[in-house]
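For the sequence shown, my numbering begins at 0 and goes up steadily by one.
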Amino acid sequence: MIKVGIIGVGTVGQSVANILEKNKALIGARAGKEISVVKGVVSNINKKRDVSIPLSDNVDDILDDDSIDIVVELMGGVDEPYKIVQKALSNGKAVVTANKALLAYHRYDLQKIAQDIPIGYEASVAGGIPIINALKVGLSANQITAIKGIMNGTCNYMLTKMMQEGVRYEDILQEAQDLGYAEADPTFDVGGFDAAHKLLILASIAYGIDAKPEDILIEGIENIGQDDIAFAKEFNYSIKLLAIAKKINTKIELRVHPVLIRNDQMIAKIDGVMNGVSVIGDCVGETLYYGPGAGGDATASAVIADIIEIVRAGQSSPMLGFKRPFQSENLILMPKEEIESEYYLRMLVDDAPGVLASIAQILGKHNISIETFLQRPSDNNKKATLLCATHECQEKYIIAAIKEIESLQSVNAKIVMIRIES
């Protein structure tokens, strides 16, 4: 029998314990051995939980128990889980985690510590979607040219409602909180940080690149308004929060932000709380992975898949998918200012002669040309809202142009910029 200890018996932890019990015969047949959860550790021992396993509030009851083969870490956070996983590995125990924040900061450290001890983390990205295994195994013959992912169901639910029903950001955020999709402090989700952690994990597998959240471009959906929604509909776009990785020669572009994306692209069709990841390989072309990105049973499904694979193999494949360092092309992270995109700008300006000419002159000075332009009336009849889309340019040029345009007396508010993903 393989014995499992769960550290963090919350929604996902309870599902893991219950599914392993409910589907014991099937899982045992697939793994070749019986798998049983023998202990759980929780922060509040007095809170009622829907599990029949013995519970403790001391992690050492699992970490120092020589009979436990696999530690499942479902706590959340970074520093404390890192210490716990380190000790589990030092004690020779395999580890399965759903903790994307831990991996965003410490995945290379843990790979070094683990050596040949298995670490499974399928549940850390896109919940029940097997995207980790797809990159590590299914697409391992491919040079990955691009990854585009909707990896946060909260943002996707909110943007879908805004696009389809015309709901304002403030109202849909409250609804998402009421439904339990968004936390009381929603910053981690709506600010793009959750999706960024997941992107960094996928980028390590695809490109062998070690980057931290602070190194990459991260923007959230907080500034999306109804004028932006109207522009998107007018020109056949959807607005999505995308996590994007691209290989451009020997540089890897990593960014998370809202995008305007054409409705005929596969990833644009993923709505509601669902997640989807598009991966483009040089051999296979585009593949799309779709499913629930959160929820107890969906995430537990991915956790248990890792447990089964560890039991089957006895020794896992390399944690990040490379048996030796991937240095043939000396891939490096592209600086944020070198990113190239088309851009959408929303500007509140004085409705007066010469304003548009001044803005166009500044854009031209920075080698930026306008592709599409709309002017919408403002609530104040002395103001106008200008909406424009540019041709492709480098990030550093659009940022410099925006800064200069905002210094004009005729510009009345901070400019909203959304990248257009072709």
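Built from N, CA and C at the ideal position, the CB exists for glycine as well. Remember, it's a predicted structure, so these values are computed and weren't measured experimentally.
Among the options, which residue has its Cα nearest to the Cα of residue i?
| i | options | result |
| --- | --- | --- |
| Pro117 | Lys395, Asp64, Asp378 and Val310 | Val310 |
| Val302 | Ile1, Met0 and Ile5 | Ile5 |
| Lys160 | Ile217, Phe234, Gln225 and Glu182 | Gln225 |
| Ala356 | Met318, Pro317, Leu407 and Phe321 | Leu407 |
| Glu221 | Ile367, Met416, Lys38 and Asp64 | Met416 |
| His365 | Phe372, Lys382 and Lys402 | Lys402 |
| Asn274 | His105, Pro129 and Ala93 | Pro129 |
| Val410 | Ile358, Ser421 and Ala125 | Ile358 |
| Ser421 | Ala97, Val94 and Ala145 | Ala145 |
Ignore the nearest five residues each way along the sequence and tell me which others in residue i's own chain have a CB closer than 8 Å to its CB.
| i | result |
| --- | --- |
| Ile215 | Ala195, Leu198, Leu199, Leu253, Arg254, Val255, Leu332 and Lys335 |
| Glu405 | Lys413 and Ile414 |
Residue i to residue j, Cα distance in whole Å?
| i | j | result |
| --- | --- | --- |
| Ser377 | Glu169 | 20 Å |
| Tyr81 | Ile306 | 19 Å |
| Lys47 | Val8 | 11 Å |
| Ile66 | Lys21 | Looking at the sequence shown, residue 66 is not Ile but Ser. Computed Cα separation, rounded: 23 Å. |
| Met162 | Met346 | 20 Å |
| Asp108 | Lys99 | 14 Å |
| Ala210 | Leu102 | 11 Å |
| Thr371 | Tyr343 | 9 Å |
| Leu138 | Val354 | 52 Å |
| Val50 | Ala16 | 7 Å |
| Leu19 | Ile26 | 7 Å |
| Phe230 | Ile112 | 50 Å |
| Gly295 | Ile338 | 37 Å |
| Ile279 | Val58 | 41 Å |
| Gln360 | Pro257 | 27 Å |
| Pro73 | Ala299 | Position check: residue 73 holds Leu in this sequence, whereas Pro was assumed. Cα to Cα, Leu73 sits roughly 10 Å from Ala299. |
Grouping DSSP H, G and I as helix and E and B as strand, with all else coil, what is residue i?
| i | result |
| --- | --- |
| Arg261 | strand |
| Ser409 | coil |
| His256 | strand |
| Arg48 | coil |
| Glu72 | strand |
| Ala116 | Reading off the sequence, residue 116 comes out as Ile, not Ala. Coil, per DSSP. |
| Ala388 | strand |
| Ile419 | strand |
| Val3 | strand |
| Lys86 | helix |
| Ala125 | coil |
So, for residue i: in the same chain, excluding its five sequence neighbours on each side, which residues have a beta-carbon less than 6 Å away from its beta-carbon?
| i | result |
| --- | --- |
| Ala267 | Ser237 and Ile260 |
| Ile269 | Ile149 and Gly275 |
| Asp193 | Asn151 and Phe187 |
Return the chain-ordered list of same chain residues with a C-beta closer than 7 Å to the C-beta of residue i, the five sequence neighbours on each side being excluded.
| i | result |
| --- | --- |
| Met439 | Not covered by the structure: residue 439. The range shown for the chain is 0 to 421. |
| Gly219 | Val189, Gly190 and Gly191 |
| Asn132 | Glu121 |
Measuring only between beta-carbons, confirm whether residue i sits less than 8 Å from chain B.
| i | result |
| --- | --- |
| Val354 | Judged by its chain identifiers, the structure shown contains no chain B, having just a single protein chain. |
What are the uninterrupted segments assigned as beta strand (DSSP E) that are 3 or more residues long and contained completely in the segment 310-369, given in chain order?
339-349
Please give the ranges of any alpha helix (DSSP H) in the segment 201-250, keeping only runs that are unbroken, at least 4 residues long and fully inside the region.
225-233
Which runs of the beta strand (DSSP E) at least 3 residues long sit entirely within the segment 136-183? Give them in chain order.
143-149
Let me know the beta strand (DSSP E) ranges lying completely inside the segment 5-71, each 3 residues or longer, listed in chain order.
34-40
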